[in-house]
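Using numbering that gives the first Met the number 0, you'd call the opening residue of the sequence shown number 0 and step up by one each time. Remarks on the structure that follows.
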Amino acid sequence: MITKLSSIDFSGFMTKEQLFIHEMDGQPFQSITPGQHWGEKWGYGWFHSTVVVPEGANGKRLVAMLDFGSEATVYINGIVSGAKDLNHHYLTLTRSAKVGEQFEIVAEAYAGHAESRPIFGNSQLCIFEEEVYQFFIDLECLYDLRNHLDTKSLRVAEIDHGLTQVFATIDLTLRQDLLGENVRECRKIMEPLLACVNGSTAPTLYLMGQSHLDIAWLWPIAETERKIARTMSNQLALMNEYPEYRYTQSQPYLFQTVKTLYPELYDRIKQAVKEGQIIPEGSMWVEPDTNLPSGESLIRQALHGKRFFKEEFGVDNEMLWLPDVFGYAGNLPQIMLGCGIKYFASTKLFGTYDNIADPFPHNTFMWEGIDGSQVLTHLMNYGDYYPIRINPSFLIDQWNDRVQLEGISTRLTQFGHGDGGGGSNRDDIEFMRRLGNLEGVPKTKHGSPIEFFEDQTEKGIPDAKYVGELYYPAHRGTYTTQAIIKKLNRKAEIGFRELELWETAAVLLNNRTYPHEELDRLWKILLLHQFHDILPGSSIHRVHEEAQIELKKLNENVYDMASDARDALTDDDVSRVTVFNSLSWRRKELVALPAGVQGIADENGTVLPVQLHEGVHYTEVEAPSMGWSTYKVESEVADVSAASTIIATESHLENEWISIEINEQGEFTRIFDKETGMEWAADHCNVMRMYRDQNSDFDAWEIDRRYRLAPIELNATAKVSVTANGPLFANIRVERELNHSTMIQDIRLRAGSRRVEFHTTVHWREKNKLLKVDFPVRVHTNESLQEIQFGYAKRPNHASRPHDADRYEVVQHKWSALAEANRGFALLNDCKYGISVNDNTMSLTLLRAPTWPDETSDQGEHHFTYGFTFWNGAFMDSPVVQEAYELNYPVSLASGGSQEGQSLLSIDQANVIAETVKIAEDGSGDFIVRLYESKGASVASKLHIGLSVAAVHEANMLEEKNGEIPYEGGGDVLLQFRPFEVKTIRLQLNGRNEG
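And the structure:
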């Protein structure tokens, strides 16, 4: 297919800077020869050459076969025109060459990050023999088809007869024009075989051209910024030659990247979108993990993603496309519908390996979330992973590999090289032209994936429904790997909630300007780092290192802005301090007083009891629901006695509700409930367990199901000491070795509390180890409860069936619980997402230490807090949700006073949580309250607004009005919730109409 004309000689230079084509003038280009090593780790090489069309190439397709030893972005005559990558081996310079025509070739190639440097290869200027190429596509199409049909069928016999004639005719010793005439004869022989069509019962595959591009994984974000330019220019080049080709691209972040860095390319993309060739679809800002982000984060993924596509292209996304995400949360259907997303598609659930026992049962089905919301869903197969190449066998396998044998006649099928981008090449489109309706292969239609869902809806949705989370029976280690990134994510989500609430209060009460643009910028930083190989911790070291830096900076900005907003709500009176509570119920909390403040008094002048601990004064303060209260600073610590129920020794911890016995390793040998006289501990609790953590594959991703067979003994004696003993709280410090690591743990119990907290610091020096902490408790139940976004999921705590056994490690957010009808026990955490529950033992996963693809995963110092609480009575009446929130959302103190205690809003039902308060995105000045029912119960509730309200509307999660809610004044809004329902309420205040 290739006739070589000449070598292409390049000059080049190396850099670690991010440069662009317009910056090439004056650069230090020097000659480079084939076989020469070039570049340095994380660096780039820029290479330049000019070629002239020689005699003999006139009218021919002229291509450049490029070999830089690595992936490269290629510019032709100053325009980014494609890539040299794993699936694109040549670039077409012209389809009809003119002698003397000149082409300037400039390439930016990635030197990589391996220890070995790339080797510059031999690039060639070639004539691409088009007729020969078309012949080989015809030949492969028929040969591949006959190899996947019944060998005794008439169709195979006819193909074999035709191919025998072809083999007798073809003469590959011929060259150029003579060979072209020869292969044309062969193609005439194959033509009738390629014209045979299917009967009336052939299935149809809807073909979606796409390229999965990991924003970071085995390469840094800086390389992705080049990869998207390569990918999009590849696809535009294909569209230029094949106008019928349609390409679907998700992740608005990538479009924004092109818009910023490659404006000329972006203009071409916009034109292709306008002409219907590029289809922006997928809904979310990036393809995020959906296990770990909060519900609010997932809403913002859709809000920012859909808004970008709408504003840039006039497109309203209807499909959530998450091809490579490691499981799908049980409340995702409600979030999708709330954001105007009707369809869901993925490939991941069928991409499993030896750690699965029970494969997923459906392809096309209605997926029902924990609240009853349903979305039409289609799960695809990867095929042979990447590159996904369209040919008969691939399409035949796509149909034959379906798990749903009845009720469907169509499937959605992706094609195009992915993971690192790239997309389709000419082969795919040429095969697609032949495979629209070729006998023996499923029929195909090519276009938007939405056409598949609309066709399925018109035909009738199959009688198949799946209820609950789409648990991915693999990659369970991603709940834990890269613990610092996960903590920074949790902290940022909390920070945004605080920031938006207090900025809203300052806007509504003090006419402060709401920072819309800065919040937009900051939110997009968090959303970016929720990408499904960053937040789960499955990337190379540089990605994790950069993510930590960016998330730390983000947290600093967010928390500083939240502090400024609180300061705007107080005056300059340094004789007072104000306590801010962002949660939607009244709280009494232990706080550390600011430096220099030794005591405070409430509004009645009552001086509060103070406890001095390690040089810091602590007291207990109260604040109203989503509001604040002011206290007077006392210049000296008054002699205030507080009746204390706290008792602490090195082996005993007690208050009025609980009595705990502690052994020499800091383990709880007894947890006695003083209210009921019953014991909670079934065996020692707070027991550190370490296991060898080596998998057959996917080191950073997975925890092997057999890990408990390889325990590591932790026998070192601990040092246990009492560091605080009332009157407000007790603190017992445990210092011990954990194999090669060390742990310092402060066990804290407040007076009047049923919550025990474990403030933990681990200096982690392990490799391929797993650290858990066990709590075997006297609770008998067949399922455990784990908080997820806007609710909780029920999972088995046994391995009775294969799917039960597959869920030996599951994801949680702030709490997990075991509950009987009249009591229960819960573990709480401030940043730990992985947990296993086996019978009555809750085992919180604390740390991992995989060595690939990041050889230094999780090494170093970790700070985290977990805890437990228990209750007597029904789960519906338990405080577990509030306790988990309070562990994660401390009250805040600001210097200065404020008007009398102010509550922006409150709710009369404890199971209804106000998750978000913010100013509306549209600049109207309305403010948004997002609430959800947290216990799985239908409930009527009263939302009380502490401001003068003019009108109340219910809205979708994108803040678009759905209808007015009757409101008769007085500040009370009546709302009815179904189990786990999320409601978005839009409030217009009297006298406000701008943001």
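Ideal placement from N, C-alpha and C gives every residue a C-beta, glycine not left out.
query                                                                                                                                                                                                     : result
Starting from the C-beta of S937, find all residues in its chain whose C-beta is less than 7 Å away, skip the five residues before and the five after it, and write them out in chain order.              : F976, R977, P978
DSSP on G476, reduced to helix/strand/coil?                                                                                                                                                               : helix
Could you pull the start and end residues of the beta strand (DSSP E) that L65 belongs to?                                                                                                                : Here L65 belongs to no beta strand (DSSP E), and DSSP marks it neither H nor E.
Is it a yes or a no for the stretch 143-160 touching the stretch 435-452, going by three-plus beta-carbon pairs under 8 Å?                                                                                : yes
Quick one: what's got a C-beta closer than 6 Å to G1009's C-beta in the same chain, skipping five residues either side?                                                                                   : Residue 1009 lies beyond the range of the chain shown here (0 to 994); nothing can be said about it.
In the DSSP assignment, find the unbroken alpha helix (DSSP H) run with D288 in it and report its ends.                                                                                                   : Unbroken run through D288: none, as it is neither H nor E.
Between N424 and the rest of its own chain, which residues show a CB-CB distance below 6 Å, the 5 nearest in sequence each way excluded?                                                                  : N86, H87
Quick check: the stretch 889-899 against the stretch 770-782, are there 3 or more CB pairs under 8 Å?                                                                                                     : no
Starting from R735, trace the beta strand (DSSP E) in both directions and tell me its first and last residue.                                                                                             : 728-737
Just checking, does the stretch 620-636 make contact with the stretch 571-588 on the three C-beta pairs under 8 Å criterion?                                                                              : yes
Pull up the distance between the alpha-carbon of P292 and that of Y327, whole angstroms please.                                                                                                           : 11 Å
Does the beta-carbon of L4 have 16 or more other beta-carbons within 10 angstroms, so that it is buried, or is it exposed?                                                                                : buried
Using 8 Å as the cut-off, can you tell me whether the stretch 793-809 makes contact with the stretch 831-843, which would need three or more C-beta pairs spanning the two stretches below that distance? : yes
Relative to the C-alpha of V596, which candidate in W584, R704, K631 has its C-alpha closest?                                                                                                             : K631
From this set, G275, E882, E107, M189, which residue's C-alpha is nearest S80's C-alpha?                                                                                                                  : E107
Considering only residues of the same chain and omitting the five flanking positions on each side of H616, which have a CB-CB separation below 6 Å?                                                       : L592, Q597, V609
Can you give the Cα-Cα distance for T503 and A919, rounded to whole angstroms?                                                                                                                            : 10 Å
Between the alpha carbons of I31 and L124, how many angstroms are there, rounded?                                                                                                                         : 17 Å
Of the residues R116, S95, P27, F102, which one's Cα is nearest the Cα of F67?                                                                                                                            : R116
Only counting the same chain, and skipping five residues up and downstream in sequence, which positions put a Cβ closer than 7 Å to that of T72?                                                          : V79, A82, A106, E107, R225, A228, R229
Give the secondary structure of T850 by DSSP, where H, G and I count as helix, E and B as strand, and everything else as coil.                                                                            : coil
Three Cβ pairs or more, each shorter than 8 Å: is that satisfied between the stretch 525-542 and the stretch 202-220?                                                                                     : yes
By alpha-carbon positions, which one of S923, M956, G945, E613 ends up nearest to L930?                                                                                                                   : M956
Which residues does DSSP pair with K766 in a beta bridge?                                                                                                                                                 : In the DSSP output, where bridge partners are listed per residue, K766 has none listed.
What residue does the beta strand (DSSP E) around L996 start on, and which one ends it?                                                                                                                   : An answer regarding residue 996 cannot be provided, because it is not within the stretch 0 to 994 covered by the chain.
Please report the residue range of the alpha helix (DSSP H) in which I158 lies.                                                                                                                           : 153-168
Express the C-alpha separation of R145 and H160 in angstroms, rounding to a whole number.                                                                                                                 : 11 Å
Can you tell me whether L986 is buried or exposed? The criterion is at least 16 other CB atoms within 10 Å of its CB, across all chains shown.                                                            : buried
From what residue to what residue does the beta strand (DSSP E) around F669 run?                                                                                                                          : The question names Phe, yet the displayed sequence has Arg at residue 669. 667-672 is the extent of the beta strand (DSSP E) around R669.
Tell me S891's beta-bridge partners as DSSP assigns them.                                                                                                                                                 : F579
Nearest to L18 by alpha carbon, out of K151, Y109, N197?                                                                                                                                                  : Y109
Using the DSSP secondary-structure output, state which residues sit across from G11 in a beta bridge.                                                                                                     : Q29, F46
Look at E967 and N961 and say whether their C-beta atoms are less than 8 Å apart.                                                                                                                         : no
Relative to the C-alpha of K305, which residue among S562, Y261, G275, Q255 is closest?                                                                                                                   : Q255
From the DSSP secondary-structure annotation, give me the bridge partner or partners of S783.                                                                                                             : R794
For R794, which residues in the same chain have their Cβ closer than 6 Å to its Cβ, ignoring the five residues on either side in sequence?                                                                : S783, R806, V809
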